[in-house]
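Novice: Sharing a structure below in structure tokens format, with a few things to ask.
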Amino acid sequence: MITKKKTVAKTKKTKRIAQMRSVRVRKQKPRVASKRPKSRMTSQRKVLKKKIAARAPRRQARPVSRRKQTRINRTQSSMQGITQVKVIGIGGAGGNIISRMREKNRMRGVEYIAVNTDAQDLDQVSVHRKIYIGRALTKGLGAGMNPDIGRQAAEENRSEIGEMLDGADIVFVVGGFGGGTASGAAPIVAEIAKQKGILTIGIVTKPFEFEGSRRMNIAQEALDRMREHVDALVVIPNDRIFALINKDTPIIRAFMYIDDILNHGVQAIGDLINIPGIINIDFADIKTILQDAGPSLIGVGIASGQDRAAKAVDEAIHSPLLETSIEGAKGILFSVAGGRDMKMVEINDIAKVIAANLDSNAKVIFGAYYDRNLKDKQLKVTVIATGFSNLFSSDRLGTQHLFTKRRANVPFPVSKTIHVEKQEKSSSTNEEDASVVESQEPKTDPWDIPAFLRKKKK
912 MITKKKTVAK TKKTKRIAQM RSVRVRKQKP RVASKRPKSR MTSQRKVLKK KIAARAPRRQ
972 ARPVSRRKQT RINRTQSSMQ GITQVKVIGI GGAGGNIISR MREKNRMRGV EYIAVNTDAQ
1032 DLDQVSVHRK IYIGRALTKG LGAGMNPDIG RQAAEENRSE IGEMLDGADI VFVVGGFGGG
1092 TASGAAPIVA EIAKQKGILT IGIVTKPFEF EGSRRMNIAQ EALDRMREHV DALVVIPNDR
1152 IFALINKDTP IIRAFMYIDD ILNHGVQAIG DLINIPGIIN IDFADIKTIL QDAGPSLIGV
1212 GIASGQDRAA KAVDEAIHSP LLETSIEGAK GILFSVAGGR DMKMVEINDI AKVIAANLDS
1272 NAKVIFGAYY DRNLKDKQLK VTVIATGFSN LFSSDRLGTQ HLFTKRRANV PFPVSKTIHV
1332 EKQEKSSSTN EEDASVVESQ EPKTDPWDIP AFLRKKKK
């Protein structure tokens, strides 16, 4: 009887445990997310999310921070007042030039862009923005002294080049003529920039004499096409380097002379517009001188010490890198840069020397500003001359300085007034000047004469 009671008790206990387990299992099943009953916390979260969503538009409309918004507004307004300058280096020589320009001087509002058909050369250029043209045509191996390939490569990437030029106020097209890429692509890039209404300036180099007649002829044909699509064109013959170097000058240092001329020309225009100075000029003034100006010249001189103004202007207007004289130029843009010790008398005397041999109706625009990049007591003069009617006429060929009439040893005019009108000189003075000019006149070099004139001369 006792055993029977124990068995019944165990059975009841087992059933009770089984029931409790089944209840526990049933209670756990509703924990599935889709079947779980809504708690008070969940409903509160949903209400809070709705409130946040309703407030979101109002919060976006308000500035995050007054200080941050002020900083943004100042940045935008300052960028709007800066003239955007883009320097396009085309081909191997153009890429090397803009690489050295960027390393030497980084200016406000100036962007350097490399364009090439040679992928390996393009990788070596130290600028942020690069355009690889003619990918399908050249396979990254260059144009091989064929301007037609360079021209086709530029046409292949015409839309990309157009996007690259967007937003620019001034474009400098830089390259070494005589090869395939620059000789063929540079006129196309200039044409695209001109069609966009951008002030377009070409600065190119001509080959060395030892590179042969084929390269020289390619360069001459490229120059003829380039003149049709630029506002102003500056040509620097590579052979003029030998007038500035000696036998111990390293090759990199030799090419830096050309880089300095190009760099100072770009810097003079950029700084005159974008840097508040003593005598300011604006972008409209620059366009007055450079728009549709044709063949142009750039001269730069830096000097210090006593008579620094005389030395600087003399160096600027007698640069051996210049292909011809600016006598008779119809437009002159010159700038004077220095430190806080720059004097008004120095600016006046520099202006007199520059104006002495200009055309009577020439447009003259000048500016003066402080340049922190100059060393102590230095003065820099940059001269850009435009508006030549016959740059390649026979009487201009072979000259190596800006002004042919000024003698090298004439003392710098300080108090004497120089009149633009030509005055008669005594016979003794004329004879003296003639002897000086004759001694400075270099021997006729057939490579200083353009190809089309050289053929006629023969």
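So for the sequence shown, the numbering used here puts the first residue at 912; every next one is plus one. Glycine included, every Cβ here is placed at the ideal spot set by N, Cα and C.
1. Could you tell me whether any non-hydrogen atom of the ligand SAH is closer than 7 angstroms to the CB of M1167?
2. If distances are taken between C-alpha atoms only, which option among E1071, A1130 and G1108 comes closest to T1092?
3. Terminal residues of the continuous alpha helix (DSSP H) containing V1264?
4. By alpha-carbon positions, which one of D1029, D1170 and T1116 ends up nearest to G1061?
5. Span of the alpha helix (DSSP H) holding K1105?
6. So what does DSSP say about I1152, is it helix, strand or coil?
7. Look at G1005 and Y1023 and say whether their C-beta atoms are less than 8 angstroms apart.
8. May I have a chain-ordered list of the beta strand (DSSP E) segments no shorter than 3 residues that lie completely inside the stretch 1203 to 1230?
9. Going by DSSP, what residues sit across from K1041 in a beta bridge?
10. State the CB to CB distance for the pair I1081 and V1100, rounded to an integer number of angstroms; the pair is presumed to be in contact (CB under 8 angstroms).
11. Using a threshold of 8 angstroms, state whether the C-beta atoms of A883 and F1088 are closer than that.
12. Does the distance from the C-beta atom of T1293 to that of G1176 stay below 8 angstroms?
13. Can you grab the Cα-Cα spacing for the pair R1011 / F1119, in whole Å?
14. I'd like to check one pair, G1181 with G1020: are the Cβ atoms closer than 8 angstroms?
15. Would D1203 and D1142 qualify as a contact pair, given that the criterion is a beta-carbon distance under 8 angstroms?
16. Out of G1090, T1116 and K1288, point me to the one whose CA is closest to D1170's CA.
17. Any beta carbon of chain C sitting closer than 8 angstroms to that of I1072?
18. Check each candidate in I1190, M1056, H1140 and I1213 and name the one with the smallest Cα separation from Y1168.
19. For G1095, collect the residues of the same chain with a Cβ closer than 8 angstroms to its Cβ; drop the 5 residues on either side in sequence, then sort them by chain order.
20. Quick check on the burial criterion: 16 or more other C-beta atoms within 10 angstroms. Buried or exposed for F1083?
21. How many whole angstroms separate the CB atoms of A1097 and G1108, which I take to be in contact at a CB cut-off of 8 angstroms?
22. Using a 10 Å radius around the Cβ and a threshold of 16 neighbouring Cβ atoms, would you call D1225 buried or exposed?
23. Measure the C-alpha to C-alpha separation of K1015 and P1187 and round it to an integer number of angstroms.
24. Which residues mark the beginning and the end of the beta strand (DSSP E) in which L1110 is found?
25. Please name the residue in V1026, F1277 and Q1035 whose C-alpha comes closest to that of I1189.
26. Report the three-state DSSP secondary structure of L1173 (helix, strand or coil).
27. Suppose you measure from the CA of K1158 to the CA of R1164; what does that come to, to the nearest Å?
28. If we ignore side chains and look at the alpha-carbon of each, how far apart do G1051 and Q1031 end up?
29. Taking the beta carbon of P1148 as the centre, do at least 16 other beta carbons fall within 10 Å, making it buried, or is it exposed?
30. Can you tell which of R1251, Q1106, D1252 and L1290 has the C-alpha that lies nearest to the C-alpha of I1261?
31. Just tell me which of I1184, Q1035 and A1296 has its CA closest to the CA of I1200.
32. Rounded C-beta distance between L1048 and E1074? I'm assuming under 8 angstroms.
33. Can you tell me whether DSSP reads F1166 as helix, strand or coil?
34. For N1185, which residues in the same chain have their Cβ closer than 7 angstroms to its Cβ, ignoring the five residues on either side in sequence?
35. For a minimum of 4 consecutive residues, which ranges assigned as the alpha helix (DSSP H) are wholly contained in the stretch 1048 to 1097?
36. Between the alpha carbons of S954 and I963, how many angstroms are there, rounded?
Specialist: In short:
1. Looking at this structure, you won't find the ligand SAH or any other ligand, since it has none at all.
2. Nearest of E1071, A1130 and G1108 to T1092, Cα basis: A1130.
3. M1255 to A1266
4. D1029
5. T1092 to Q1106
6. helix
7. no
8. 1205 to 1215
9. A1025
10. With 8 angstroms as the limit, I1081 and V1100 do not qualify as a contact, their Cβ atoms being about 14 angstroms apart.
11. Only positions 912 to 1369 of the chain appear in the structure, and residue 883 is not among them; the question remains open.
12. yes
13. Here the C-alpha atom of R1011 lies approximately 20 angstroms from the C-alpha atom of F1119.
14. Less than 8 angstroms divides the Cβ of G1020 from the Cβ of G1181.
15. yes
16. T1116
17. As a matter of chain content, chain C is missing from the structure shown, which is built from one protein chain.
18. I1213
19. A1054, N1057, P1058, D1059, I1060, G1061, R1062, Q1063, A1064, A1065 and A1133
20. By the Cβ neighbour-count rule, F1083 is buried, with 16 or more other Cβ atoms within 10 Å of its own.
21. Their Cβ separation, rounded to whole angstroms, is 19 angstroms, which puts A1097 and G1108 out of contact at 8 angstroms.
22. buried
23. 22 angstroms
24. L1110 to K1117
25. F1277
26. L1173 falls in the helix class under three-state DSSP.
27. 12 angstroms
28. Going by the C-alpha atoms only, they are around 7 angstroms apart.
29. buried
30. L1290
31. A1296
32. So it is not a contact: roughly 20 angstroms between Cβ atoms.
33. helix
34. Spatial neighbours of N1185 in its own chain (CB-CB distance under 7 angstroms, excluding positions within 5 residues in sequence) are listed in chain order as I993, T994, R1019 and G1020.
35. Counting whole runs of 4 or more residues, the stretch 1048 to 1097 contains the alpha helix (DSSP H) stretches 1058 to 1067 and 1069 to 1076.
36. Answer to the nearest angstrom: the Cα atoms are 14 angstroms apart.
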